[in-house]
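A.B. asks: Heads up: the sequence lines are chains A and B, in that order.
Counting in the numbering used here, the first sequence runs from 1 upward without gaps.
Counting in the numbering used here, the second sequence runs from 343 upward without gaps.
C-beta: ideal position from N, C-alpha, C; glycine also.
Computed from a predicted structure; not experimentally measured.
There are 2 protein chains.
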Amino acid sequence: MKKKRTTIYDIAEKLNITASSVSRALNNSNYVNENTKKLILKTAAELNYKRNTIASNLRSGQSKTIGIVVPRINQNFFANVIAGIEDATYEKNYNLIICQSNEQEEKEVKCVNTLINQQVDCIVISVSADSHDHTHLKNVIEHGIQLIQFDRVVDELETLKVINDNEQASLEAVSHLIEQGYKRIALLEGPQNLDIFKQRKAGYLKALKKHKIAVVHDLIIENAWTKELGAEGTRKLLSMPNPPDAIFASTSDFSALGVLEVATAMGFKVPSELGICGYSNEAFTEITSPSITTIDQFSIYMGKTIANLYFQEMENKETEVIPKIISIKPKLIIRSSTSRKG
Amino acid sequence: MKKKRTTIYDIAEKLNITASSVSRALNNSNYVNENTKKLILKTAAELNYKRNTIASNLRSGQSKTIGIVVPRINQNFFANVIAGIEDATYEKNYNLIICQSNEQEEKEVKCVNTLINQQVDCIVISVSADSHDHTHLKNVIEHGIQLIQFDRVVDELETLKVINDNEQASLEAVSHLIEQGYKRIALLEGPQNLDIFKQRKAGYLKALKKHKIAVVHDLIIENAWTKELGAEGTRKLLSMPNPPDAIFASTSDFSALGVLEVATAMGFKVPSELGICGYSNEAFTEITSPSITTIDQFSIYMGKTIANLYFQEMENKETEVIPKIISIKPKLIIRSSTSRKG
DNA sequence: AATATTTCTGCAATCGATTGCAGAATAAAA
DNA sequence: TTTTATTCTGCAATCGATTGCAGAAATATT
Numbered sequence: 001m002k003k004k005r006t007t008i009y010d011i012a013e014k015l016n017i018t019a020s021s022v023s024r025a026l027n028n029s030n031y032v033n034e035n036t037k038k039l040i041l042k043t044a045a046e047l048n049y050k051r052n053t054i055a056s057n058l059r060s061g062q063s064k065t066i067g068i069v070v071p072r073i074n075q076n077f078f079a080n081v082i083a084g085i086e087d088a089t090y091e092k093n094y095n096l097i098i099c100q101s102n103e104q105e106e107k108e109v110k111c112v113n114t115l116i117n118q119q120v121d122c123i124v125i126s127v128s129a130d131s132h133d134h135t136h137l138k139n140v141i142e143h144g145i146q147l148i149q150f151d152r153v154v155d156e157l158e159t160l161k162v163i164n165d166n167e168q169a170s171l172e173a174v175s176h177l178i179e180q181g182y183k184r185i186a187l188l189e190g191p192q193n194l195d196i197f198k199q200r201k202a203g204y205l206k207a208l209k210k211h212k213i214a215v216v217h218d219l220i221i222e223n224a225w226t227k228e229l230g231a232e233g234t235r236k237l238l239s240m241p242n243p244p245d246a247i248f249a250s251t252s253d254f255s256a257l258g259v260l261e262v263a264t265a266m267g268f269k270v271p272s273e274l275g276i277c278g279y280s281n282e283a284f285t286e287i288t289s290p291s292i293t294t295i296d297q298f299s300i301y302m303g304k305t306i307a308n309l310y311f312q313e314m315e316n317k318e319t320e321v322i323p324k325i326i327s328i329k330p331k332l333i334i335r336s337s338t339s340r341k342g
Numbered sequence: 343m344k345k346k347r348t349t350i351y352d353i354a355e356k357l358n359i360t361a362s363s364v365s366r367a368l369n370n371s372n373y374v375n376e377n378t379k380k381l382i383l384k385t386a387a388e389l390n391y392k393r394n395t396i397a398s399n400l401r402s403g404q405s406k407t408i409g410i411v412v413p414r415i416n417q418n419f420f421a422n423v424i425a426g427i428e429d430a431t432y433e434k435n436y437n438l439i440i441c442q443s444n445e446q447e448e449k450e451v452k453c454v455n456t457l458i459n460q461q462v463d464c465i466v467i468s469v470s471a472d473s474h475d476h477t478h479l480k481n482v483i484e485h486g487i488q489l490i491q492f493d494r495v496v497d498e499l500e501t502l503k504v505i506n507d508n509e510q511a512s513l514e515a516v517s518h519l520i521e522q523g524y525k526r527i528a529l530l531e532g533p534q535n536l537d538i539f540k541q542r543k544a545g546y547l548k549a550l551k552k553h554k555i556a557v558v559h560d561l562i563i564e565n566a567w568t569k570e571l572g573a574e575g576t577r578k579l580l581s582m583p584n585p586p587d588a589i590f591a592s593t594s595d596f597s598a599l600g601v602l603e604v605a606t607a608m609g610f611k612v613p614s615e616l617g618i619c620g621y622s623n624e625a626f627t628e629i630t631s632p633s634i635t636t637i638d639q640f641s642i643y644m645g646k647t648i649a650n651l652y653f654q655e656m657e658n659k660e661t662e663v664i665p666k667i668i669s670i671k672p673k674l675i676i677r678s679s680t681s682r683k684g
């Protein structure tokens, strides 16, 4: 069932000219007679010619393709970032090759290698949770491919980065809790090998310090990433003789949802007896009852920023590539789950 | 900053052999001496060689790439389907090029053409809402590219299709409402140029007929796709002198959410005075109060099915391609918003 | 009319990997 | 030892588009 496709040679043959001229016409070069050019374009359309990008890329040495590696394609935040990138790259006729690492380092390495093989011009990556070794990322740079890290970045690698100011956001969130009169604020933290979670913890600590509140280590629950783990941590916290009066689920809104469900089940009134703050501004946070205070990361905007950063960098490619970090300030969205004043 | 990459010629030169042998070794052919093969692989690793897939594809005439076109990457359903496809294709070392049509026919055409240019082996598409002309899809077939439609399919095109049995699902949903004692059931319908919405409407009508309930045209609201439109439709419905006692938001859960919010605001008790059923099983339907009855489409599974359908078709490629339709039966998820009995 | 300039076209190499074919080197069989 | 079979290796063409260079054709300048 293989139909042979029309090539520039077919067009050339039909018009009794060379492929060179056809190529020039199709690329709108000036070095072809206006009439022949028109004739070529007309014939190309008639024969339903489609340029073979593969061949073109091989010759020209660039692919106009950006590779993206994310832990999960179908996670809201990442899907939005990808949508943002797609939006911005589409206009410039770039293609996107998308891979998911499933949070596994091994798969991440394979994805990156595939993208290198594909000769992509740029790789955009948010590293997986269990990523520890970074030779595959260094490899990207060694192959002359632009590397842009976002959200979950490897600090020590000097690449372009687009991140959220996690520390600042956490600081604001916890400060807000304190202003609302909460005094024993618990933290549900994520895996500390990921910088984003370290930063969120740092913001939490900073806020406490700023307001001269002592850090109680029993109020910090490790690895409470999912809804289930958030729920489990909450059960533990609320069973303490001296339970917290607020919980900052710094890992995700899913975790915060777990908190809310357990708190409600255990008879804690939200927000009067327990304040809850999540992270990410998932759609559902608006419609729980009470609605959940959270932090918006401007994910689509982040995607656009990544794409534009790449294009900008391309334009100034004559200059040395200077590691550049763009930090997007997330926004605290205050909702019912933390509003017990005013 | 262009570093020249290692090619098979570099390896060949270093070892004083030809590129042919290097190529054979890298492809694990039997026609190379075992020792030279080992030596070649070792050298390739040392030189950090990465195969140029572009060149390889050009020669071999296939790209091991599947192109996907969806209206929106960051819509839950589509993100899940893509994740499912990714999961199944990854093992077979296929790549995914993803495009979004933003529900615009014009962009859809451009995306499809790009994918043809890229010489993808297969195009997986869910057509955009305003897609009317289908020459670009016929074009795919004419170029010898496997075309698989899913969810929103163009019926008259004889291609592989993976769909949900929308009619059956709607039939079950509305039957469930009737069994719960609801008698005046309204329908929020989607754009009727998309078959999926036609089918859902057909299921609604079938259920009414089956239970000998007369169709009231005023209870059918056109084009209530989004949360806002769903809310608007609901306001209209509930202001009627003889309002419905149930609303089937056949377009989406977002629409159903709009229904719920308006109903609550207008003082209608759900489910006792008004039953609500959505479509898609979005994560949030579980956590609204009351939780929303909806229909699960098994989106990730759908993605895997699509990928496997392709691979299966590849294996039997010697036989003529027979249009094949796989219909996945969605599942009604009964929750509080429609449970007023038992 | 002779020369210089501009515009166009073709030739042939190139991008990097793959593969059919032919022949060399080695091993096995007679 | 000769013949046959097997295993390896290299040559050269191929995939389709692009592009530097050279020369032809057309136009402009003196």
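In whole angstroms, give me the CA-to-CA distance for MET343/B and ASN394/B.
C.D. replies: In this predicted model, MET343/B has a pLDDT of only 44, less than 50, meaning its place in the structure is not dependable; the value taken from the coordinates is given anyway. Each residue's alpha carbon lies about 19 Å from the other.
A.B. asks: Since ASP296/A is in the beta strand (DSSP E), which residue starts that stretch and which ends it?
C.D. replies: 294 to 296
A.B. asks: Closer than 8 Å by C-beta to ASN16/A: which residues in its own chain qualify, once you throw out the five before and the five after it? Chain order, please.
C.D. replies: none
A.B. asks: Against chain B, which members of the segment 27 to 59 of chain A pass a CB distance test of less than 8 Å?
C.D. replies: Cβ contacts with chain B: ASN48, LYS50, ARG51, ASN52, THR53, ILE54, ALA55, ASN57 and LEU58.
A.B. asks: Are GLU514/B and LEU383/B closer than 9 Å when you measure CB to CB?
C.D. replies: no
A.B. asks: Does any CB atom of chain A fall closer than 9 Å to the CB of GLY609/B?
C.D. replies: no
A.B. asks: Alpha carbons only, please: which of PRO271/A, PHE268/A, VAL270/A and TRP225/A is nearest the one belonging to PHE254/A?
C.D. replies: TRP225/A
A.B. asks: Cβ of PHE626/B within 9 Å of Cβ of LEU651/B?
C.D. replies: No, the pair does not count as a contact, with Cβ atoms beyond the cut-off.
A.B. asks: On the three-state DSSP scale, how would you describe SER669/B?
C.D. replies: The answer is strand: DSSP assigns SER669/B an E or B state.
A.B. asks: With 8 Å as the C-beta to C-beta threshold (strictly closer), list the residues of the segment 134 to 145 of chain A near chain B in chain order.
C.D. replies: ASN139, GLU142, HIS143 and GLY144
A.B. asks: Interface residues of chain B around ILE73/A at Cβ under 7 Å?
C.D. replies: ALA421, ILE424, ALA425 and GLU428
A.B. asks: Closer than 9 Å by beta-carbon distance: list the chain B residues that pair up with SER400/A, in chain order.
C.D. replies: Only positions 1 to 342 of chain A appear in this structure, which leaves residue 400/A out of reach.
A.B. asks: Report the neighbours of LEU160/A on chain B: residues whose CB is nearer than 8 Å to its CB, in chain order.
C.D. replies: Going along chain B, no residue has its Cβ under 8 Å from LEU160/A, so there is no contact; the nearest lies around 13 Å.
A.B. asks: Does DSSP classify ALA556/B as helix, strand or coil?
C.D. replies: coil
A.B. asks: Name the residue from ILE415/B, ILE424/B and ARG494/B whose alpha carbon lies nearest to the alpha carbon of ASN437/B.
C.D. replies: ILE424/B
A.B. asks: Could one say the Cβ of ILE675/B lies closer than 9 Å to chain A's Cβ atoms, at least one of them?
C.D. replies: no
A.B. asks: Mind checking if ILE300/A is an interface residue toward chain B, Cβ cutoff 9 Å exclusive?
C.D. replies: yes
A.B. asks: Under three-state DSSP, which class holds GLY740/B?
C.D. replies: Since the first residue shown for chain B is 343 and the last is 684, residue 740/B is missing from the structure and cannot be characterised.
A.B. asks: Are PHE492/B and ILE467/B closer than 9 Å when you measure CB to CB?
C.D. replies: yes
A.B. asks: In angstroms, rounded to a whole number, what distance separates the CA positions of HIS211/A and ILE178/A?
C.D. replies: 8 Å
A.B. asks: ILE458/B to VAL174/A, Cα distance in whole Å?
C.D. replies: 52 Å
A.B. asks: Using 9 Å as the threshold, is the C-beta distance between TYR546/B and ALA588/B below it?
C.D. replies: no
A.B. asks: Taking a cut of 7 Å between CB atoms, which residues from the segment 616 to 638 of chain B lie near chain A?
C.D. replies: ALA625, PHE626, ILE629, THR630 and SER631
A.B. asks: Can you check DSSP and say which residues form a bridge with PHE248/A?
C.D. replies: Per DSSP, LEU187/A and CYS277/A.
A.B. asks: Cβ of LYS683/B less than 9 Å from any chain A Cβ?
C.D. replies: no
A.B. asks: Under 8 Å Cβ-Cβ, which residues of chain B neighbour GLY96/A?
C.D. replies: The residue you asked about is not Gly; residue 96/A is Leu in the sequence shown. Neighbours of LEU96/A on chain B, chain order: ILE439, ILE440 and CYS441.
A.B. asks: Three-state secondary structure (DSSP) at THR407/B?
C.D. replies: strand
A.B. asks: Name the chain B residues whose beta carbon is nearer than 9 Å to that of ASN117/A?
C.D. replies: Under the 9 Å cutoff, chain B gives LYS392, ARG393, ASN394, THR395, ILE396 and SER398.
A.B. asks: Quick one: is ASN113/A near chain B, going by C-beta distance under 9 Å?
C.D. replies: With 9 Å as the cut-off, ASN113/A counts as an interface residue toward chain B.
A.B. asks: With DSSP as the reference, label MET343/B as helix, strand or coil.
C.D. replies: A caution first: MET343/B carries a pLDDT of 44, below 50, which makes its placement in the model too unreliable to give a value.
A.B. asks: Figure out for me which residue from THR360/B, THR636/B, PRO665/B and GLN534/B has the closest Cα to the Cα of ALA699/B.
C.D. replies: Residue numbering for chain B in the displayed model covers 343 to 684; residue 699/B lies beyond these limits and cannot be assessed.
A.B. asks: Can you list, in chain order, the residues of its chain whose CB lies under 7 Å from that of VAL120/A, leaving out five sequence neighbours each side?
C.D. replies: SER63, THR65, ILE66, GLY67, ILE97 and ILE145
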